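Report on the following structure.
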Amino acid sequence: MARATALAHFRRMVSPIASWLSVRAQGLYCEPADLFIDPVRPVPRAAITHAHADHARPGHQAVLATAETLAIMRVRLGASAGAGQQALAYATPLSLGPVTLTLFPAGHVLGSAQILLQYQGSRALVSGDYKRQPDPTCASFQPVPADVFITEATFGLPVFRHPPAEAEIVRLLASLALFPGRAHLIGCYSLGKCQRLIALLREAGYDAPIYLHGAHASLCALYESLGVGLGDLRPATGAKIPPGAIVLAPPSALADRWSRRLPDPLPCLASGWMRVRARARQSGAELPLIISDHADWDALLATIAEIDAPEVWVTHGREDALIHAITTSGRAARALRLIGYEDDAEDTAPELPAP
Amino acid sequence: MKLFADLLERLAFTPSRLGKLALLRAYFTRAPDPDRGYALAAIAGTLRLPAIRPNMVRALAATRTDPTLFAWSYEFVGDLAETVALLWPGTGSGTLPGLSKLIETLAGAEKSALPAQLATWLDAATIPERYALLKLITSGLRVGVSARLAKTALAELATPKIDPDEIEEIWHALAPPYLSLFAWLEGRAPRPDPGAAPIFRPPMLAHPLTAPDRTTLDLADHQIEWKWDGIRVQLVATPIERRLYSRGSEDISTTFPEILLAMNFHGVLDGELLVIRNGDIAPFGDLQQRLNRRTISARHMTEFPTGIYLYDILFDGRTDLRALPLATRRQHLEAFLSRHPDPRLHLSPLIELTDWPALDALWASSRASNREGLMLKQKSSPYLAGRPKGNWWKWKRDPLTIDAVLMYAERGHGKRGGTYSDYTFGVWSEDGRLVPVGKAYSGYTDKELVILDRFIRTHTLQTFGPVREVEKTLVLEIAFDAAQSSTRHKSGIALRFPRINRLRPDKPASEADRLTTLQALITAEKNR
Ligand SMILES: [Zn+2]
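Residue numbers (our numbering), protein chains in the order written: chain E, 1 to 355; chain D, 1001 to 1528.
Shown next, in the form of structure tokens:
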């Protein structure tokens, strides 16, 4: 192992890509294209991997992303979604001066993309957030060869091993059968997780109405308009919710006064953090569901091996453990230490008041 | 194993009693024999397995995992079994044997073969199965369910439904995997016959005496006794065996061999175990000296000599006397004791007072004489399991004490830095949840502090910074000056100067007080 680490050290920073792709205060910057990727502050020109709030910020002048990402940004950010918007389809190369930019599916949420940058014969692949589990609401992650692979590490600790989401849906339906009088209130992020849960339930044969907190309704409507069928959805506010219904709400609503309207609610929380019992307990969920839109530890390592880039840069998350594992396997790796990306905003568990 | 692992997973996150019961019922219905019987044993604490040390598990994990990643993961997770379950390579593609097969293999395995055997199982198991397996074999299984609750779930499964006390009655004649019990509950076989097995009978319990009760209660109809400040025990002797049970059905025979020797009879008696020196009753703390010991020495037995004050008889030989009125049972008890005398066995004397002022004066003296108060028992009452209304009353010397359950602990500051000396305790709400009602920082002896600290370190469920959440099994008798309504506290109640009066390890958590008891105390105070 010592030898492998030494080798990795020798290889570190060999890639010429570091001379044209670097970290600035605004975010990851591609100088020859004058382009920021997922910048955390307003910039003249941004490419956005996906529409989660910590990646798609308001106030940029020109925004480049998939049509779906742009549509979601318009719903969420309104007028500040970007003065000029340019939609780009997957796998369609676009020239930005001397740089060629291509989007490939990341499998994270609807419209999510990896960004491939090619310049002077070198290829840098920016993953954004991604997962490898199948997701009926978005295109699957597509591995692309690269010289440098820039990966996220939200679940970059070996304890995070997500079971198949379908198996968690089976647990949810079993709980509904066991507690038919209790509304199952599922805390989940409004973009991606919510729609994926609904789609998985529909795939599992659950065709009863699903009730939505107001925060979730608009994005579900947008998904439907973009061709993702979600079945019979109803507003949870103002409606009489039958016992045993499934209600989706933001995680913060679990501990909220809002949930008191439900018949004997059974709080559930869908998040990758639910894998660790202490985290699950803190969330107050009675049924923690381990469903995540991020790659788990095994998927991170498998993806890095599959893309087989000689060098891996790790953006945000638990990068220490992932870099340790990558270098141990003989590959060069370094942390980019990007800031401004929440420790996985879409998977944050609510902090309930201590009992 | 999957069903059992699923059950543990759900139980761990289900706070309400009703929810737990539903999960247990579903498990016992779906799991096959003999798996479910072993699961019952694991929950009820009757499973005996060769203990595997955590160090062995750690060493085994080291053969399959990166040490740096293991250390970081362990730091994040905070639990060894969980860390190993999560980090073990693979995610369980093989077939793990059923729970019963696992347990039978473990029971018969050579110690040196255990690591290899365990590795084979961990390879086959899913992550929740690994967790359940590792918790089971390292004796670290904390299900958060009492034996009583498991029995209640079983009783609800029976057709027609039975009372859990019917299971309690034969419990000690049964052994894992409880095939005859399930056969009976499912109507496939008659009730298992305990025969001459020395089984525990569920005791009859008293209600706290409240101010309104005094106006309705006719003293002439009641047998009045001291409420002794020891632990309630049941003496069971049959032609084949003698046993001493605590009120929570725990077999404490080996801790008090001298009592066993005094039981030269066949029958079932109800009484109070006390330390008695030259006829004087010693404080409860003296009895604790005996209770806390694993092994007992002759010197210890001389220093803390025990005896029993008997107050009821349930069986004379194999004759069940429980349906008889108390007054008649008392005559039986007196005759029984004169037939089987022993210096360690005393008759709990009757107090012949029929007016409240005299009784009040006597009650006021109870603390000085190391007595806990008075008991008022309806003379016509049969011996009924549980806490039937309007039969027996307990009138504790200090009306402002409650039995609460230890929930959280925090390290103290200054002199007590390092030991867990700040305790949050709770009582049961109507829907069967523990509700925190206060914090106590004092009242314990140095020895009790050591016991509490050890309990907390070995029964931690999880930590929140400096706070540890513990298994909700230890009952604390909390003394306090007053109970007041409070909008600042989630429970709606604030206790003035709560302190730990003593530890009640003999008392099951399920028998701790209820929130309604505290609410009634507030009302009673207002009406004074
Ligand atoms: Zn995201």
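A virtual CB, placed ideally from N, CA and C, is assigned to each residue, including glycine.
Given the structure is predicted, the values throughout are model-derived calculations rather than measurements.
I want to check one thing, is the minimum distance from the CB of residue i to the heavy atoms of ligand 1 below 7 Å?
i, result
"residue 207/E", "no"
"residue 129/E", "yes"
"residue 108/E", "yes"
"residue 55/E", "yes"
"residue 52/E", "yes"
For residue i, go through chain D and note every residue whose CB falls closer than 7 Å to its CB, in chain order.
i, result
"residue 157/E", "1072, 1073 and 1076"
"residue 294/E", "Chain D residues near residue 294/E: none, gap ~16 Å exceeds 7 Å."
"residue 360/E", "The requested residue 360/E is not part of the displayed model; chain E covers only 1 to 355."
"residue 321/E", "1069 and 1072"
Mind listing the chain D neighbours of residue i? Cutoff is C-beta to C-beta under 9 Å, in chain order.
i, result
"residue 55/E", "Residues of chain D passing the Cβ test: none, with the nearest at roughly 25 Å."
"residue 286/E", "1010, 1013, 1014, 1015, 1016 and 1019"
Identify whether residue i lies in helix, strand or coil by the three-state DSSP scheme.
i, result
"residue 1391/D", "coil"
"residue 1501/D", "strand"
"residue 206/E", "coil"
"residue 1377/D", "strand"
"residue 196/E", "helix"
"residue 223/E", "helix"
"residue 86/E", "strand"
"residue 1343/D", "coil"
"residue 1019/D", "helix"
"residue 1430/D", "coil"
"residue 316/E", "strand"
"residue 1178/D", "coil"
"residue 15/E", "coil"
"residue 1511/D", "helix"
"residue 1407/D", "strand"
"residue 61/E", "coil"
"residue 1051/D", "coil"
"residue 1003/D", "helix"
"residue 1420/D", "strand"
"residue 1463/D", "strand"
"residue 1520/D", "helix"
"residue 100/E", "strand"
"residue 1029/D", "helix"
"residue 1011/D", "helix"
"residue 184/E", "strand"
"residue 1415/D", "For residue 1415/D, the predicted model reports a pLDDT of 45, less than 50, meaning its position is unreliable; a value from the coordinates is still stated below. Here residue 1415/D sits in helix by DSSP."
"residue 32/E", "helix"
"residue 1357/D", "helix"
"residue 1451/D", "helix"
"residue 67/E", "helix"
"residue 306/E", "helix"
Within 7 Å: the Cβ of residue i and any heavy atom of ligand 3?
i, result
"residue 1090/D", "As far as ligands go, the structure on display features ligand 1 and does not contain ligand 3."
Note down, in chain order, every chain D residue with its Cβ under 8 Å from the Cβ of residue i.
i, result
"residue 178/E", "1022, 1023 and 1026"
"residue 161/E", "1086, 1091 and 1127"
"residue 328/E", "1066"
In chain E, which residues lie with their C-beta within 7 Å of the C-beta of residue i?
i, result
"residue 1082/D", "277"
"residue 1462/D", "278 and 281"
Just list the beta strand (DSSP E) runs in the stretch 1189 to 1276 of chain D, keeping only unbroken ones of 3 residues or longer that don't cross its boundaries, in chain order.
-> 1222 to 1228, 1231 to 1237 and 1242 to 1246
What beta strand (DSSP E) runs, 3 residues minimum, are completely inside the stretch 106 to 165 of chain E?
-> 113 to 119, 122 to 126 and 148 to 153
Could you give the uninterrupted runs of the alpha helix (DSSP H) lying entirely in the stretch 1074 to 1144 of chain D, keeping only those of 4 residues or more?
-> Taking only runs of at least 4 residues, the alpha helix (DSSP H) segments lying wholly in the stretch 1074 to 1144 of chain D are 1080 to 1087, 1099 to 1108, 1114 to 1124 and 1127 to 1137.
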